[in-house]
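S.K.: At position 63 of the sequence shown the residue is numbered 82 (the numbering used here), and the sequence of numbers has no breaks.
The beta carbon of each residue, even a glycine, is placed where N, CA and C say it ideally should be.
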Amino acid sequence: MKKSLLLLILTLLLAALMLCGCTEKDIGRDMDAIKTHLSSYGEEYESFRNSERLAVLRHNATAQELEAWFAFVEKTRAGRPASVDMVYFTDEGDPILLYLHYDGNDYMLVADTTRDHFGTPTVSSVKYSKLVEITEESENGRTMYHAILANKEYESIEELQAVWKWLTTEYPSGFDDVDTEYQPFPYELFRVPTDAE
């Protein structure tokens, strides 16, 4: 009888642990689930602080709380699927939410601008094949870390800036429909001094 009761308790405990593990489930690339997930955040800066999944990338012109970002990067470097939530705050203080998912092969970035009171409210997604990380010294002598989503490798920020300049000069009205090796347009997630890591 005691063995049966102990086995039942252990089984229930194991089931509870498995269910707890599912609360941090990877919602993958299901757009409805992603929209629901991103809508769970509030609008004020304080509602974004101290989240294990969230990297506050820009608030008052500084990148903050990047632990979740670097945990995401470590998983993707190992080829493991991972996701991270990110938030930017506009100059007016409105949050722009990003959800980045890596499935072991490529990256999907979802941008939610529905809380931007001065922009167009949309939820859109773009796929990229690479997360390019570049560390280099800036003009003021600080070492900067850049995280860029792209479909090809870039050796330096100067090379990437040359591509951006060429695209915006060649296609000043936009290049969403342009067939080029640079589609989709390389997206710099953020840049931060390396002492912020």
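(1) Using 10 angstroms around the beta-carbon of E43, count the other beta-carbons present and answer buried if the total reaches 16, otherwise exposed.
(2) Return the residue from the list K94, H120, D113, L116 that minimises the CA-CA distance to V103.
(3) With E93 as the anchor, note down where its alpha helix (DSSP H) starts and where it stops.
(4) Can you tell me whether DSSP reads K146 as helix, strand or coil?
(5) Which whole-angstrom value is the C-beta distance of D135 and T109, which I expect to be below 8 Å?
(6) Between the segment 91-101 and the segment 167-178, do three or more beta carbon pairs fall short of 8 Å?
(7) Is DSSP giving I53 helix, strand or coil here?
(8) Reducing DSSP to helix, strand and coil, say where E172 ends up.
(9) Using 10 angstroms around the beta-carbon of P140, count the other beta-carbons present and answer buried if the total reaches 16, otherwise exposed.
(10) Quick check on F108: does DSSP put it in helix, strand or coil?
(11) Kindly list the residues whose CB is nearer than 8 Å to the CB of E152, restricted to its own chain and excluding five residues on each side of it in sequence; keep chain order.
(12) Quick check: S148 and L128, are their CB atoms within less than 9 Å of each other?
(13) Exposed or buried, what is G40 when buried is set at 16 or more other beta-carbons lying within 10 Å of its beta-carbon?
(14) Could you tell me the alpha carbon to alpha carbon distance between E111 and K54, rounded to whole angstroms?
(15) Taking the alpha-carbon positions, what's the I46 to N124 distance?
(16) Whose C-beta lies closer than 6 Å to the C-beta of T133 among residues of the same chain, with five residues either side of it excluded?
(17) Consider the C-beta atom of P114 and the heavy atoms of the ligand ATP; say whether any pair is separated by less than 8 Å.
(18) Taking Y126 as part of the beta strand (DSSP E), name the residues at either end of that continuous run.
(19) Measuring CA to CA, which of F89, P100, G160, F137 is closest to R48?
(20) So I46 is in the beta strand (DSSP E); what residue range does that whole segment cover?
M.R.: Short version:
(1) With a pLDDT of 42 at E43, under the threshold of 50, the predicted position of this residue should be treated as unreliable, and no value is reported.
(2) H120
(3) 86-96
(4) strand
(5) 6 Å
(6) no
(7) helix
(8) coil
(9) exposed
(10) strand
(11) V92, Y164, H165, A166, I167
(12) no
(13) Reliability of the predicted coordinates at G40 is poor, the pLDDT of 32 falling under 50, and the value obtained from them is presented with this limitation in mind. With fewer than 16 other Cβ atoms within 10 Å, it is exposed.
(14) Taking the Cα positions, E111 is about 23 Å away from K54.
(15) 16 Å
(16) Excluding sequence neighbours, T133 sits near P140.
(17) Looking at this structure, you won't find the ligand ATP or any other ligand, since it has none at all.
(18) 126-131
(19) It is P100.
(20) Counting along the chain, no beta strand (DSSP E) covers I46, and no H or E run does either.
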